[in-house]
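Enquirer: Okay, handing you the structure first.
Structure below.
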């Protein structure tokens, strides 16, 4: 998932400022990143439930994994928000066709 997500974020960041102004950000890759963030959040929920049913040593390891996944998901959210911010002339039209 991480490779796919990083590829999508890189593709979004490669879009020129002129293209972002005219047609908006790359909504297709933004959808991929959103999907991956949701997947990460689901994994975090699974780990939270698992943590309740294990011994203390394993619970610490699971908490570390949860923290890492949480920081990765938060970082992706921030990158996505940065890429989607700004004004675009025909962005509403591109967004409609991307969905």
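In the numbering used here, the protein residues as written are 911 to 1009.
The C-beta atom is built at its ideal place from N, Cα and C for all residues, glycine as well.
#1: Does the count of Cβ pairs from the segment 919-932 and the segment 958-966 closer than 8 angstroms reach three?
#2: When the Cα of residue 922 is compared with those of 1000, 1006, 986, 982, which residue comes out closest?
#3: Could you name the residues of the same chain whose beta carbon sits closer than 6 angstroms to that of residue 939, not counting the 5 residues immediately before and after it, in chain order?
#4: Using only the alpha-carbon positions, how far apart do residue 1012 and residue 983 sit?
#5: Going straight from the alpha carbon of residue 925 to that of residue 935, what length do you get?
#6: Taking C-alpha atoms, which residue in 995, 991, 933 lies nearest to residue 1001?
Expert: Reading from the atomic positions:
#1: no
#2: 986
#3: The residues are 918, 921, 922.
#4: Any question about residue 1012 goes unanswered here, given that the chain covers just 911 to 1009.
#5: 7 angstroms
#6: Nearest of 995, 991, 933 to residue 1001, Cα basis: 933.
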